[in-house]
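Q: Chains as they are written, first to last, in the UniProt record's numbering: chain A, 1 to 257; chain B, 1 to 257; chain C, 1 to 257; chain D, 1 to 257.
Protein chains: 4
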Amino acid sequence: MTDELEKNPAEPIRVGVLGARGRMGMEVCKAVDAAADLDLVAMVDQGDPLSTVADAGAEVVVDFTTPDVVMDNLDWCVNQGVNAVVGTTGFTGDRLERVRGWLAGKPGVGVVIAPNFGIGAVLMMQFAAKAARHFESVEIIEQHHPRKLDAPSGTATHTARLIAQARAEAGLGPAPDATKDEVPGARGAEIDGIRVHAVRAAGLVAHQEVLFGTTGETLTIRHDSLDRASFMPGVLLAVRAVRNRPGLTVGLDPLLD
Amino acid sequence: MTDELEKNPAEPIRVGVLGARGRMGMEVCKAVDAAADLDLVAMVDQGDPLSTVADAGAEVVVDFTTPDVVMDNLDWCVNQGVNAVVGTTGFTGDRLERVRGWLAGKPGVGVVIAPNFGIGAVLMMQFAAKAARHFESVEIIEQHHPRKLDAPSGTATHTARLIAQARAEAGLGPAPDATKDEVPGARGAEIDGIRVHAVRAAGLVAHQEVLFGTTGETLTIRHDSLDRASFMPGVLLAVRAVRNRPGLTVGLDPLLD
Amino acid sequence: MTDELEKNPAEPIRVGVLGARGRMGMEVCKAVDAAADLDLVAMVDQGDPLSTVADAGAEVVVDFTTPDVVMDNLDWCVNQGVNAVVGTTGFTGDRLERVRGWLAGKPGVGVVIAPNFGIGAVLMMQFAAKAARHFESVEIIEQHHPRKLDAPSGTATHTARLIAQARAEAGLGPAPDATKDEVPGARGAEIDGIRVHAVRAAGLVAHQEVLFGTTGETLTIRHDSLDRASFMPGVLLAVRAVRNRPGLTVGLDPLLD
Amino acid sequence: MTDELEKNPAEPIRVGVLGARGRMGMEVCKAVDAAADLDLVAMVDQGDPLSTVADAGAEVVVDFTTPDVVMDNLDWCVNQGVNAVVGTTGFTGDRLERVRGWLAGKPGVGVVIAPNFGIGAVLMMQFAAKAARHFESVEIIEQHHPRKLDAPSGTATHTARLIAQARAEAGLGPAPDATKDEVPGARGAEIDGIRVHAVRAAGLVAHQEVLFGTTGETLTIRHDSLDRASFMPGVLLAVRAVRNRPGLTVGLDPLLD
Numbered sequence: 001m002t003d004e005l006e007k008n009p010a011e012p013i014r015v016g017v018l019g020a021r022g023r024m025g026m027e028v029c030k031a032v033d034a035a036a037d038l039d040l041v042a043m044v045d046q047g048d049p050l051s052t053v054a055d056a057g058a059e060v061v062v063d064f065t066t067p068d069v070v071m072d073n074l075d076w077c078v079n080q081g082v083n084a085v086v087g088t089t090g091f092t093g094d095r096l097e098r099v100r101g102w103l104a105g106k107p108g109v110g111v112v113i114a115p116n117f118g119i120g121a122v123l124m125m126q127f128a129a130k131a132a133r134h135f136e137s138v139e140i141i142e143q144h145h146p147r148k149l150d151a152p153s154g155t156a157t158h159t160a161r162l163i164a165q166a167r168a169e170a171g172l173g174p175a176p177d178a179t180k181d182e183v184p185g186a187r188g189a190e191i192d193g194i195r196v197h198a199v200r201a202a203g204l205v206a207h208q209e210v211l212f213g214t215t216g217e218t219l220t221i222r223h224d225s226l227d228r229a230s231f232m233p234g235v236l237l238a239v240r241a242v243r244n245r246p247g248l249t250v251g252l253d254p255l256l257d
Numbered sequence: 001m002t003d004e005l006e007k008n009p010a011e012p013i014r015v016g017v018l019g020a021r022g023r024m025g026m027e028v029c030k031a032v033d034a035a036a037d038l039d040l041v042a043m044v045d046q047g048d049p050l051s052t053v054a055d056a057g058a059e060v061v062v063d064f065t066t067p068d069v070v071m072d073n074l075d076w077c078v079n080q081g082v083n084a085v086v087g088t089t090g091f092t093g094d095r096l097e098r099v100r101g102w103l104a105g106k107p108g109v110g111v112v113i114a115p116n117f118g119i120g121a122v123l124m125m126q127f128a129a130k131a132a133r134h135f136e137s138v139e140i141i142e143q144h145h146p147r148k149l150d151a152p153s154g155t156a157t158h159t160a161r162l163i164a165q166a167r168a169e170a171g172l173g174p175a176p177d178a179t180k181d182e183v184p185g186a187r188g189a190e191i192d193g194i195r196v197h198a199v200r201a202a203g204l205v206a207h208q209e210v211l212f213g214t215t216g217e218t219l220t221i222r223h224d225s226l227d228r229a230s231f232m233p234g235v236l237l238a239v240r241a242v243r244n245r246p247g248l249t250v251g252l253d254p255l256l257d
Numbered sequence: 001m002t003d004e005l006e007k008n009p010a011e012p013i014r015v016g017v018l019g020a021r022g023r024m025g026m027e028v029c030k031a032v033d034a035a036a037d038l039d040l041v042a043m044v045d046q047g048d049p050l051s052t053v054a055d056a057g058a059e060v061v062v063d064f065t066t067p068d069v070v071m072d073n074l075d076w077c078v079n080q081g082v083n084a085v086v087g088t089t090g091f092t093g094d095r096l097e098r099v100r101g102w103l104a105g106k107p108g109v110g111v112v113i114a115p116n117f118g119i120g121a122v123l124m125m126q127f128a129a130k131a132a133r134h135f136e137s138v139e140i141i142e143q144h145h146p147r148k149l150d151a152p153s154g155t156a157t158h159t160a161r162l163i164a165q166a167r168a169e170a171g172l173g174p175a176p177d178a179t180k181d182e183v184p185g186a187r188g189a190e191i192d193g194i195r196v197h198a199v200r201a202a203g204l205v206a207h208q209e210v211l212f213g214t215t216g217e218t219l220t221i222r223h224d225s226l227d228r229a230s231f232m233p234g235v236l237l238a239v240r241a242v243r244n245r246p247g248l249t250v251g252l253d254p255l256l257d
Numbered sequence: 001m002t003d004e005l006e007k008n009p010a011e012p013i014r015v016g017v018l019g020a021r022g023r024m025g026m027e028v029c030k031a032v033d034a035a036a037d038l039d040l041v042a043m044v045d046q047g048d049p050l051s052t053v054a055d056a057g058a059e060v061v062v063d064f065t066t067p068d069v070v071m072d073n074l075d076w077c078v079n080q081g082v083n084a085v086v087g088t089t090g091f092t093g094d095r096l097e098r099v100r101g102w103l104a105g106k107p108g109v110g111v112v113i114a115p116n117f118g119i120g121a122v123l124m125m126q127f128a129a130k131a132a133r134h135f136e137s138v139e140i141i142e143q144h145h146p147r148k149l150d151a152p153s154g155t156a157t158h159t160a161r162l163i164a165q166a167r168a169e170a171g172l173g174p175a176p177d178a179t180k181d182e183v184p185g186a187r188g189a190e191i192d193g194i195r196v197h198a199v200r201a202a203g204l205v206a207h208q209e210v211l212f213g214t215t216g217e218t219l220t221i222r223h224d225s226l227d228r229a230s231f232m233p234g235v236l237l238a239v240r241a242v243r244n245r246p247g248l249t250v251g252l253d254p255l256l257d
């Protein structure tokens, strides 16, 4: 089969899943299986040989495994010329550099590594970064189930940093705030100068609101995520795009433009 | 004119305003003037004699003056048999007792003293107190313009206390919260064990949200106040009710049932 | 075992579930099982004899079956002196009368029949009915998943009727609305004169917002239901209360006061 | 005065206002006056000669007049080499072409014509258009005061068209909707296939929510505008930018990038 045929949109893309018996992996298998333009050809987990993937003729591998095996998996994929979409965590700058090195020797292969496959969350952060320089005030309110250990959430912290950077670039100083008399904690945590409030309550799942304000108006960007399945549209987007994006792509942003 | 005729709903109620040139007083004058069932018969401010009110035959006086003159005003009204609706601040338990004493000698006269004439805010607090014992989780998020000096707002603090009391009566312990790793302030202020978050941003006016949560569901009660005029429906409600409520009524709650 | 002992709060309440293999029945079994003060003593479904419940000494039966068997189940429960909590649909006025008749002959037995066990939804409707007469404007916005067949939802329709009744009792006319130029449907459906808007979108579950407005302020009551489990706190509330409520109780409202 | 000096950011920009006694014009005068980097040098209204503007050395003119005089104003401004920021309505394609013709002969002059100077509203539309192709479902809920004549609002209609176009370009079909049993109007108006709901209530000003949904998640973009002053940041943004944007700029979008 030639490259041309492989990328023919009429032919389903052949997909293998690594970590297929994990919580995320099982969701990926279901989602790939349900998509008319994708073919689930290999499901691999601990103990299964990676060669299963090659034998099945997978063009794209989705990896939701663990930080201790993901680098070996990726090394093998790049070597075999199999494109990869990776949701496994733990990618430091050093690890990303090593992946870039492997890809340099395999110009046709694409790898997408994303810390967050929620399209809604990624767009929320993009929009927040863009709106940031046009509003004198901004605060973040994130809301999660009460079993969460950290406050604020990683997404809220990341959003605050993006906003702080955009404000700095636009020459904006601190947001106006005349508070003189504060019960400790009332005004939230400060992340790079941005106020972040973390709400925890039974009945919530994962929600975030970014509130921008200026004279006489506010703009609110809100994301509500109800279950793990919300990552699947992002994973499938990456699966469909990775064959046409040789080299390393970090984050979902470039795929959303 | 007999009592019976005076309370005839077909006759407009004759209303005098004390503090008529203040910001709230002017709004009251406008609102009374615009109501078909009310007659604005006297507008009194600093320097004007109170007798103007009696001369005009006012049945109800609305007082938005200052803590240093309001007690004299009320003493005079009760003595004259004029009912009063009071929005002036500074009513301590001691002051309320003195008013009760005056009224004891004038069984036909009614006085309504309310710290908050916003019907929406009062209903929000009532509903929050009622919902409190049915949900394991509850948090308050209040949002105000950035010129506000205190955080959280007085209304948020008062709401938190009502909720805490209702939870205690229902035998509810603390809301579930697994937070281990908190950036200081992220989880808000604690008022009687209830978490309260205060957001400040340009473009906001005065808003409050009470979020209740239990397994699989949340209930949110939200109040948005856009301007001073929002107190007028509550003032008019009290003006219409006070003649039929002899004695002292504190707060708008009893008038809303 | 005497009545006194049976109602001792220190003793777990013995609970049987009818329709135990249905979707709701399974949730009830899980919820009863997880509650420290309740004992799941019988799980009955199609083909199992009702006597299982009696043999197991159940004090309360929860019935999530079907309209064609629920009346026989209830007849049997009342005869056996077993209290019942019923979530099965299809209770017409005629059916309720028949249940009342059975209970008349068994003064110690209690039955709770509720069309909606979501505590949040029931409180939302209570609060909406109470707020209705204090605001000149009100509209309902309900939001559901796109597989829903009816628009608006039954809960929204019921809420609209409660509000319309409260407004009529308070002598309120139609809400102000100057709309002259309307794209058909923009202003929603009219249920007893109340505007109701039905939003359908992937990613939603079951949500409803009741928006009240008057001069300068709005009050919003919002309910978000994320899964079937959200009915369980209401079911357990009824299970705990039914032994102390002889006769027929319709709806969750009386149990929430 | 040379070009270099004129555009020196240290020198305040000299601004004239046409329609200075109109509602919007008065707001513009206040806003220009309050900005440290702008100088209000001319206030012109009906009956005043346009030469006042030239005599005062205005570099930028803001025009909030009426459709019947705005073309003459613009013709004069371009001829005099004065940059213009125009909020007056009524600009058809034909009118825009005529302005482009005038500007062709004056390469140094800039004109910004915008139907909406609310930065929040413009960003909301930009973000909505961008998110549109990533979500299978989308609906618009706009909320306004009850004195509004049209439903849905012009902004909602415009947003719906932008979304419909983005969906078409992305090859998305209609959003999923299983509704079989609809009370007429419940599902809103249809604008280019997009469902739009218009809420009208006392206490509201001007609000719009765009709700996007896909498997397990929703993204909401909400804009709240509380008063006319909310247009001022957008007007000032244009005033500051127009001298560096020769030719015709339509809409605020290009200035926000």
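We put the beta carbon where it would ideally sit given N, CA and C, even for glycine. Please read these numbers as outputs of a predicted model, since none were measured by experiment.
1. May I ask you to list the residues that DSSP assigns as paired with D/Ala84?
2. Which residue comes first and which comes last in the alpha helix (DSSP H) that contains D/Phe135?
3. I'd like to confirm the pairing. Which residues does DSSP put opposite C/Ala129 in its beta bridges?
4. Report the rounded CA-to-CA distance for B/Val205 versus C/Val32, giving the unit in angstroms.
5. On the three-state DSSP scale, how would you describe D/Phe91?
6. Please name the residue, chosen from C/Gly185, C/Ala202 and C/Ile141, that lies closest to C/Val210 on a Cα-to-Cα basis.
7. How far does the beta strand (DSSP E) with C/Glu27 in it extend, from its first residue to its last?
8. Take D/Gly90 as the anchor and find which of D/Gly101, D/Val70 and D/Met43 has the nearest alpha-carbon.
9. Quick one: complete beta strand (DSSP E) runs, 3+ long, within the region 135 to 177 of chain B?
10. Got a sec: which bits of the region 103 to 123 of chain B sit with their beta carbon under 7 Å from any beta carbon on chain C, in order along the chain?
11. Restricting to Cα atoms, I'd like to know which of A/Asp181, A/Thr92, A/Phe231 and A/Asp37 is closest to A/Ala10.
12. Return the CA-CA distance between B/Thr159 and C/Leu172, expressed in angstroms with no decimal places.
13. Can you find the residues in the same chain that come closer than 7 Å, C-beta to C-beta, to D/Ile163, ignoring five residues on each side of it along the sequence?
14. Evaluate the contact criterion for the region 172 to 185 of chain A versus the region 115 to 129 of chain A: three or more CB pairs, one atom per stretch, below 8 Å.
15. Count the other CB atoms, across all protein chains shown, that sit within 10 Å of the CB of B/Leu230; report buried if there are 16 or more and exposed otherwise.
16. Compute the Euclidean distance between the alpha carbons of A/Val235 and A/Val82, then round it to the nearest angstrom.
17. State buried or exposed for B/Asp94, treating a residue as buried only when at least 16 other CB atoms are found within 10 Å of its CB.
18. Got a sec: is the Cβ-Cβ distance from B/Phe64 to anything in chain C below 9 Å?
19. Note down, in chain order, each residue of its chain lying with its Cβ closer than 8 Å to the Cβ of C/Asp45, except the 5 sequence neighbours on either side.
20. Kindly indicate which residue of B/Asp253, B/Asp224 and B/Leu248 has the alpha-carbon position closest to the one of B/Arg98.
21. In whole angstroms, give me the CA-to-CA distance for D/Asp253 and D/Lys106.
22. As a quick exercise: from B/Val109, B/Thr52, B/Ala58 and B/Val85, pick the residue whose alpha carbon is nearest that of residue 263 of chain B.
23. Drop a sphere of 10 angstroms on the beta-carbon of A/Pro49, count the other beta-carbons inside from all chains shown, and report buried for 16 or more, exposed for fewer.
24. Going along chain A in order, which residues have a C-beta closer than 8 Å to the C-beta of D/Met43?
25. Measuring alpha carbon to alpha carbon, tell me which of C/Ala166, C/Ile13 and C/Cys29 ends up nearest C/Glu136.
26. Along chain B, which residues have their Cβ under 9 Å away from the Cβ of A/Pro146?
27. Suppose contacts are defined by Cβ-Cβ distances below 9 Å. Is D/Pro146 in contact with C/Asp177 by that definition?
28. Measuring alpha carbon to alpha carbon, tell me which of A/Glu27, A/Gly216, A/Ala34 and A/Thr65 ends up nearest A/Gly47.
29. Determine the direct distance from the alpha carbon of B/Val239 to that of C/Ala114, and round the result to whole angstroms.
30. Any beta carbon of chain D sitting closer than 9 Å to that of C/Thr157?
31. Pull up the DSSP beta-bridge partners for A/Gly193, would you.
32. Kindly indicate which residue of A/Met124, A/Glu59, A/Thr92 and A/Gly87 has the alpha-carbon position closest to the one of A/Cys77.
A: Answer, in terms of the structure:
1. D/Val61 and D/Val111
2. Looking at the DSSP string, D/Phe135 is not in any alpha helix (DSSP H), and its letter there is neither H nor E.
3. DSSP, once it has assigned bridges, lists no residue as partnering C/Ala129.
4. 46 Å
5. coil
6. C/Ile141
7. Where C/Glu27 is concerned, there is no enclosing beta strand (DSSP E), although the alpha helix (DSSP H) it sits in stretches over Arg23 to Ala34.
8. D/Val70
9. 137 to 144
10. Gly118, Ile119, Gly120 and Leu123
11. A/Asp37
12. 29 Å
13. Ala128, Ala129, Ala132, Val138 and Ile194
14. no
15. It is Ser, not Leu, that sits at residue 230 of chain B in the sequence shown. Result: buried.
16. 16 Å
17. exposed
18. no
19. Leu18, Gly19, Ala20, Arg21, Gly22 and Gly25
20. B/Leu248
21. 24 Å
22. The first residue shown for chain B is 1 and the last is 257, placing residue 263 of chain B beyond what the model contains.
23. exposed
24. Near D/Met43 there are no residues of chain A at all, since even the closest Cβ is about 21 Å away, more than 8 Å.
25. C/Ala166
26. Glu136, Ser137, Ala175, Pro176, Asp177, Ala178, Thr179 and Gly213
27. yes
28. A/Thr65
29. 41 Å
30. yes
31. Answer is none; A/Gly193 lacks a bridge partner.
32. A/Glu59
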